[in-house]
Amino acid sequence: MDSLVVLIPLMPLAAALVIGLGHLFGAISGEADETLTADIASWSIIMSSLLTLTLLIADWLGKNSASYTVGHWLNSDTLDISLNFITTGFNVRLAALFSVLLAIVTHFSINYMHRETGYHRFFFILSLFSFAMLLLVLSGNAVGTFIGWELAGLCSYFLIAYAYDRPVAAANATRVFVTNRIGDAAFVLGVGLSYAWAGSVNWDIIGAASAQLTPGEATSIALCFAVAAFAKSAQLPFTPWLARAMEGPTPSSAVFYGAVMVHAGVYLIILLKPVFEHAPLAMAVVAIVGLITALYAFVVGLTQTDVKSSLIFATSGQLGLMFLECGLGFWRLAAWHLCAHAAVRGYQFLTAPSLMHNVQGLDTAPTNKVPTWLFVASLQRFWLDPMTDWALVKPVRGLAHDLSYFDDHIVDPMMGGAAPAIRAISSLAQLEERVIGAHLDNDSDTFAQGSGLAGKLTEWTAAVLHWFEDRFVLRGIGKNAINYGRRLGHIANKFEQSVLRPRYLVLFVFITLLVAF
Amino acid sequence: MGILSILLWTPAAGVLLLALTPGRNIQLIRYIANLFTTIAFLLVCWLLSIYNAHDAGLQFGEYYPLNPKLGSAYALGVDGLSMPMLALATLLSSIALLASFTVAHSIKGYHVCILLLEFGMLGVFLAQDWALFYIFWEVTLIPLFFLIGRWGGKRRHAASLNFVLYTMGGSIFMLISLLAVSQYDLEHGGSLMSSMHQAAQDMPRIEQVLVLLGFLIGFGVKMPVFPLHGWLPLAHVEAPSPVSILLSGILLKMGAYGLIRAVVMLPEAALLLQPVLIFLGLFGMLYGGLLAWRQSDLKAMVAYSSISHMGIVLLGIATLNEAGMTGAVLQMTAHGLIAAALFLLVGLLYERTHTRNIQDYSCLIQVMPRFTLFLTLALLAAMGLPGSVGFIAELHTLIGSFRIFPNVGLGIALMAFFSVSILIGAAYALRTISLLFTGPGKPRMQQLDDMTAPELLAAGILVSGIVLFGLLPAPLLELSAATLSQMNATISQRIL
Numbered sequence: 001m002d003s004l005v006v007l008i009p010l011m012p013l014a015a016a017l018v019i020g021l022g023h024l025f026g027a028i029s030g031e032a033d034e035t036l037t038a039d040i041a042s043w044s045i046i047m048s049s050l051l052t053l054t055l056l057i058a059d060w061l062g063k064n065s066a067s068y069t070v071g072h073w074l075n076s077d078t079l080d081i082s083l084n085f086i087t088t089g090f091n092v093r094l095a096a097l098f099s100v101l102l103a104i105v106t107h108f109s110i111n112y113m114h115r116e117t118g119y120h121r122f123f124f125i126l127s128l129f130s131f132a133m134l135l136l137v138l139s140g141n142a143v144g145t146f147i148g149w150e151l152a153g154l155c156s157y158f159l160i161a162y163a164y165d166r167p168v169a170a171a172n173a174t175r176v177f178v179t180n181r182i183g184d185a186a187f188v189l190g191v192g193l194s195y196a197w198a199g200s201v202n203w204d205i206i207g208a209a210s211a212q213l214t215p216g217e218a219t220s221i222a223l224c225f226a227v228a229a230f231a232k233s234a235q236l237p238f239t240p241w242l243a244r245a246m247e248g249p250t251p252s253s254a255v256f257y258g259a260v261m262v263h264a265g266v267y268l269i270i271l272l273k274p275v276f277e278h279a280p281l282a283m284a285v286v287a288i289v290g291l292i293t294a295l296y297a298f299v300v301g302l303t304q305t306d307v308k309s310s311l312i313f314a315t316s317g318q319l320g321l322m323f324l325e326c327g328l329g330f331w332r333l334a335a336w337h338l339c340a341h342a343a344v345r346g347y348q349f350l351t352a353p354s355l356m357h358n359v360q361g362l363d364t365a366p367t368n369k370v371p372t373w374l375f376v377a378s379l380q381r382f383w384l385d386p387m388t389d390w391a392l393v394k395p396v397r398g399l400a401h402d403l404s405y406f407d408d409h410i411v412d413p414m415m416g417g418a419a420p421a422i423r424a425i426s427s428l429a430q431l432e433e434r435v436i437g438a439h440l441d442n443d444s445d446t447f448a449q450g451s452g453l454a455g456k457l458t459e460w461t462a463a464v465l466h467w468f469e470d471r472f473v474l475r476g477i478g479k480n481a482i483n484y485g486r487r488l489g490h491i492a493n494k495f496e497q498s499v500l501r502p503r504y505l506v507l508f509v510f511i512t513l514l515v516a517f
Numbered sequence: 001m002g003i004l005s006i007l008l009w010t011p012a013a014g015v016l017l018l019a020l021t022p023g024r025n026i027q028l029i030r031y032i033a034n035l036f037t038t039i040a041f042l043l044v045c046w047l048l049s050i051y052n053a054h055d056a057g058l059q060f061g062e063y064y065p066l067n068p069k070l071g072s073a074y075a076l077g078v079d080g081l082s083m084p085m086l087a088l089a090t091l092l093s094s095i096a097l098l099a100s101f102t103v104a105h106s107i108k109g110y111h112v113c114i115l116l117l118e119f120g121m122l123g124v125f126l127a128q129d130w131a132l133f134y135i136f137w138e139v140t141l142i143p144l145f146f147l148i149g150r151w152g153g154k155r156r157h158a159a160s161l162n163f164v165l166y167t168m169g170g171s172i173f174m175l176i177s178l179l180a181v182s183q184y185d186l187e188h189g190g191s192l193m194s195s196m197h198q199a200a201q202d203m204p205r206i207e208q209v210l211v212l213l214g215f216l217i218g219f220g221v222k223m224p225v226f227p228l229h230g231w232l233p234l235a236h237v238e239a240p241s242p243v244s245i246l247l248s249g250i251l252l253k254m255g256a257y258g259l260i261r262a263v264v265m266l267p268e269a270a271l272l273l274q275p276v277l278i279f280l281g282l283f284g285m286l287y288g289g290l291l292a293w294r295q296s297d298l299k300a301m302v303a304y305s306s307i308s309h310m311g312i313v314l315l316g317i318a319t320l321n322e323a324g325m326t327g328a329v330l331q332m333t334a335h336g337l338i339a340a341a342l343f344l345l346v347g348l349l350y351e352r353t354h355t356r357n358i359q360d361y362s363c364l365i366q367v368m369p370r371f372t373l374f375l376t377l378a379l380l381a382a383m384g385l386p387g388s389v390g391f392i393a394e395l396h397t398l399i400g401s402f403r404i405f406p407n408v409g410l411g412i413a414l415m416a417f418f419s420v421s422i423l424i425g426a427a428y429a430l431r432t433i434s435l436l437f438t439g440p441g442k443p444r445m446q447q448l449d450d451m452t453a454p455e456l457l458a459a460g461i462l463v464s465g466i467v468l469f470g471l472l473p474a475p476l477l478e479l480s481a482a483t484l485s486q487m488n489a490t491i492s493q494r495i496l
């Protein structure tokens, strides 16, 4: 029965390809084809979930070997990445739960998204996301998991920016994606370290090799994956991205941030249980971060006034608790907590819009049992976003600005980049005028006219002198001197400002240290 | 405290009093400013009456050492060279204030600046110590910077900045020259003009030439001499018309005045540089005239004609003989009166119509007959018509420059150039008259008011001065004659 596992992620991928290509080539478009798209998406995920359930039953009956290898994906020296899947235990149970939830959400979306612009786009992304999640939980090696991980992040980006014509949505999507990239970087680093120290990227080998790792190596690997998990599961200090992700449509919120994707972090920790058990420091970090996140989410959740925000901070808090449980070593509890939470939160997100109808008119009493400072901090979400802006976004933006300035003012002039067209000649007639030296925009030419030989002579001499005066005396000495002086002062100011900026001070400190050591 | 100190500090006292006056009380401010310029003018009139025109030396001298170690002193005095300039400075300050009734904003600051400017100008003409001279020379810059930069036209900021940068740049060369001369004044160790004259004699010839070149740049910027005049068109066009009056009427003369003093101090170097100076003077005349002929902007035309007229002054100085020097000094006075009258009249016309383009005007004689009379007289004087003071000055300069050439051919060539530049001057003056006052009437130009009483008074004084000194030049000539002949004696003695 192991070979079924290949079909599980393949079904939604096929659906995504059909919808995507069909929409791209115009075969699927408009309201008329909504049914077709919906059928493809929902049937593929239903088939997928049936397959998963079959696999689950087979696992219970003990018919599965632990893994199934399809073939080699790439080989290089000692690096061997195969296309393999895990077919037993927690992974399969989680895959079954996720696929059922995905099927429910997909089915829910059919009516919910009816006549929305981008209907086909939505189902394409949802199918792609289903593929990514199923690959994530079923893949037997870290690279496959990472592909799913990345694809899920990308789909999240697409769906937050679902209404891409709204600047807020687009900005939030970018922010979320960039925040998640920090976790991705940690993930890649973790994969690299695993390969270097444990000798493989297969999860089972990593787990088995963890006993031979030194505590330092185990801690490094565990911390890398822990950071990746923190980013994906919106733990501190990455929590703010979750609130920004609410820009997407409700079904996507439910499936990404309520039921499925946010749990990927916890899943990763549980998957790496052997490594973590050899790294007490990493366990402690996971526990502390989880605890703080839970407290943070609780306090901030107190002051939320809209249903989606309340749910999102509740999610964040519950995830924090799961991390705490992992950190304290209650792995089984964390796994159960994960499954239960996924089901409940998925339901809550899906009913959130109708909840608004149901509670209309009811009094929602504001909380006033906390001290004022906590209340303010809660309202401001502990200033996490402004702090990130100040510490990361602003310096990076400043650096980019400086580099762009360097490009515009030094590289472009040196290489002869395109000049602004304002002062360029726009017509052939103007070129002619300039060539023969007639200044038709200057009315003194028509004014100062002489007749007869003496008059013409005077006129020409005066024109020559005027040219001299204008070119050298007025413009050359007077105006240009001021302009050059001004430019020089501007450059000096610029230099002064740049030197005083913190990032350059830090750079100088680094250079000094480098020279010193 | 002598009469010269009283004269010098009168505008400064006015500045102090104005500073204490509340800014809202516009009438009081105008009254105080006018009062103090009038007092200064009356003081100069009194000075003229007691001035002994036959005494060539310094009169009413005052001397207080300021810094004995450096040898600088508060030394004042007048002679035949500075006396007409003093009269011109006080007269034109009064007239500029008469023309300032239309200044609408920041009236207090404006009058403070004008009085401060008068203080600086009087200081330049009264100082008999080069250090003091230099201080007052720089003092005039500050109020002018603000006058052009705050109350000027559209491009006023560029104009004021340009003006100050040019003049400061020139001043540096002047300062270096002064320091170079004072190096040789070991005996007195001072910067008095009389002692510096002695010191300059001890300098090597080459250093004298270099020092004179430094002076030529420093004073040439202000005068202006041909390649250094870049600030002038912009500053004159952008400045409010009362400031244009002071600029062209007196500020340019400061340059010529300083240059005469420098040439008398270094006659040998001046003889060496004589061809250059003559060329610059002649070329400046032609250059300014031709460019003035090209301008359709009235103020720019008058500004360029100033360059042309100051070329005559430079030519007169370059002759290094009595007739030429007399011509130069006369032309300074003449141009002071004529340019002031032109800027005054053009300025009040601009206030009525808000256009300076000559082509916009037509047939003003019907609506503004008094204005027509005054402007026509001023323009005719600018082209050097006999009967105006300009003619006397140009005649002297022409005679003086004719004398310096040993052979007749060069003299005739020079005369030809001179005449051509006068012809060009006549061309633009007559064209302006015909375009402004004749031709078909334009509807836009039919509702203009003729001159008001203060304007009439101001223009009347200037134009009557032009005509009076043109018909009876003797008093004006006598005023400077003794000093000029003594200077000439010094120069010819040193040259030989």
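These protein sequence lines map, in sequence, to chains A and B.
Be aware that the first sequence starts at 1, since it is given in the working numbering, and climbs by one per residue.
Be aware that the second sequence starts at 1, since it is given in the working numbering, and climbs by one per residue.
In this text, a Cβ means the ideal position worked out from N, Cα and C, and glycines have one as well.
Proximity test, Cβ basis, 8 Å: residue i and chain A
i: B/R294; result: yes
i: B/I424; result: yes
i: B/H229; result: yes
i: B/Y64; result: no
i: B/P11; result: no
i: B/P224; result: no
i: B/P267; result: no
Cβ of residue i within 8 Å of any chain B Cβ
i: A/A492; result: no
i: A/L453; result: no
i: A/S444; result: Because A/S444 sits at a pLDDT of 49, beneath the cut-off of 50, its placement in the model cannot be relied upon, and the following sentence gives the value as read from the coordinates. So yes, A/S444 belongs to the interface.
i: A/D441; result: At A/D441, the pLDDT of 49 sits below 50, so the modelled position is not reliable and the matter cannot be decided from this model.
i: A/L488; result: no
i: A/R466; result: Correcting the residue identity first, residue 466 of chain A is His in this sequence and not Arg. Yes, because at least one Cβ of chain B sits closer than 8 Å to the Cβ of A/H466.
i: A/L474; result: yes
i: A/F447; result: yes
i: A/I482; result: yes
i: A/E469; result: yes
Which residues DSSP lists as bridging residue i, in chain order
i: A/N202; result: A/N141
i: B/A127; result: B/L76
i: A/N172; result: Looking at the DSSP assignment, A/N172 forms no beta bridge with any residue, so it has no partner.
i: A/H72; result: A/S82
i: B/Q59; result: B/V78
i: B/L192; result: B/D129
Quiz prompt | Three-pair Cβ contact test at 8 Å for the stretch 350 to 362 of chain B versus the stretch 405 to 424 of chain B | solution = In this structure the stretch 350 to 362 of chain B does not lie against the stretch 405 to 424 of chain B, because fewer than three pairs of beta carbons, one per stretch, are closer than 8 Å.
Practice problem: Pick out the complete alpha helix (DSSP H) segments inside the stretch 457 to 512 of chain A, 4 residues or longer, and give them in chain order. | Solution: Whole alpha helix (DSSP H) segments, 4+ residues: 480 to 500.
Quiz item: Is the stretch 315 to 330 of chain A close to the stretch 289 to 297 of chain A, with three or more CB pairs under 8 Å?
Solution: Segments in contact, yes.
Quiz item: For the stretch 134 to 167 of chain B, which residues have a beta carbon sitting closer than 8 Å to at least one beta carbon of chain A?
Solution: If the cut-off is 8 Å between Cβ atoms, the stretch 134 to 167 of chain B has A158, L161, N162, L165 and Y166 near chain A.
Quiz item: What are the residues of the stretch 345 to 365 of chain B that lie near chain A, defined by any Cβ-Cβ distance shorter than 9 Å?
Solution: Result list: N357, I358 and Q359.
Quiz item: Quick check: the stretch 273 to 285 of chain B against the stretch 113 to 130 of chain B, are there 3 or more CB pairs under 8 Å?
Solution: Too few Cβ pairs lie closer than 8 Å, so no.
Quiz item: Counting pairs of Cβ atoms below 8 Å between the stretch 79 to 97 of chain B and the stretch 491 to 507 of chain A, do you hit three or more?
Solution: The stretch 79 to 97 of chain B is not in contact with the stretch 491 to 507 of chain A.
Self-check item: Segment contact, 8 Å Cβ cut-off, at least three pairs: the stretch 327 to 344 of chain B with the stretch 242 to 259 of chain B
Solution: Enough Cβ pairs lie closer than 8 Å, so yes.
Practice problem: Return the residues of the stretch 284 to 313 of chain B that lie within a Cβ-Cβ distance of less than 7 Å from chain A, sorted by chain order. | Solution: Taking a C-beta cut-off of 7 Å against chain A, the contacting residues of the stretch 284 to 313 of chain B are Y287, L290, L291, W293, R294, Q295 and S296, listed in chain order.
Quiz item: Are three or more beta carbon pairs between the stretch 250 to 258 of chain A and the stretch 277 to 290 of chain A nearer than 8 Å?
Solution: For the pair of segments examined, the stretch 250 to 258 of chain A was found not to touch the stretch 277 to 290 of chain A: the number of CB pairs separated by less than 8 Å stays below three.
Quiz item: Are the stretch 323 to 337 of chain B and the stretch 378 to 393 of chain B touching, with three or more C-beta to C-beta distances below 8 Å?
Solution: Enough Cβ pairs lie closer than 8 Å, so yes.
Quiz prompt | Three-pair Cβ contact test at 8 Å for the stretch 409 to 421 of chain B versus the stretch 355 to 364 of chain B | solution = Flag = no, the stretch 409 to 421 of chain B and the stretch 355 to 364 of chain B do not touch.
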